[in-house]
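To start, the structure under review is shown below, and the notes come after it.
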Amino acid sequence: MTQKPPRYKLSYLPLFWEDLSAAAAHIAHDLHNPSAAKRLADDVEKGILAHLQNPTMAATYHTTRKRPLPYYYFGVGNYRVFYVVDGNTMEVRRLLCRARNIEELIR
42 MTQKPPRYKL SYLPLFWEDL SAAAAHIAHD LHNPSAAKRL ADDVEKGILA HLQNPTMAAT
102 YHTTRKRPLP YYYFGVGNYR VFYVVDGNTM EVRRLLCRAR NIEELIR
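Counting in the working numbering, the sequence shown runs from 42 upward without gaps.
Here it is as structure tokens:
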């Protein structure tokens, strides 16, 4: 008898949507590249859905703070998607530019 891998639910913090909107707006308007903004959103979605199959496959983000759940992350261009796995739920929390002080932003 083979065991099926656990099926994970997907949830998002509102802060993730704010991060994604800000990144897309910056790319589309400040950098005058709306097609790159759409590509970022598409690539982020593809990455999230790929990691949903096995969310603990991603690298663990090590912080100086003790956390009840480990943060996992994966890269999409110049950005990183951060999430936690709580039971059978993958909760996407942040989308941050790699150039930012990530340790300061993930509190």
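Here a beta-carbon is modelled for each residue, glycine too, at the ideal position from N, C-alpha and C.
Every value quoted in this text rests on a predicted model; they were computed, and no experiment measured them.
| Asked | Found |
| --- | --- |
| Inter-residue spacing [alpha-carbon to alpha-carbon] between residue 80 and residue 107 | 35 Å |
| Collapsed DSSP secondary structure at residue 105 in the structure displayed | coil |
| Host alpha helix (DSSP H) of residue 127 (start-end) | Element bounds for residue 127: not the alpha helix (DSSP H) but the beta strand (DSSP E), 120 to 127. |
| At least 3 beta-carbon pairs within less than 8 Å: the stretch 47 to 60 vs the stretch 81 to 98 | yes |
| In DSSP terms, what residue 49 is bridged to | The partner list for residue 49 (beta bridge, DSSP) is empty, contrary to what the question assumes. |
| Three-state secondary structure assigned by DSSP to residue 56 | helix |
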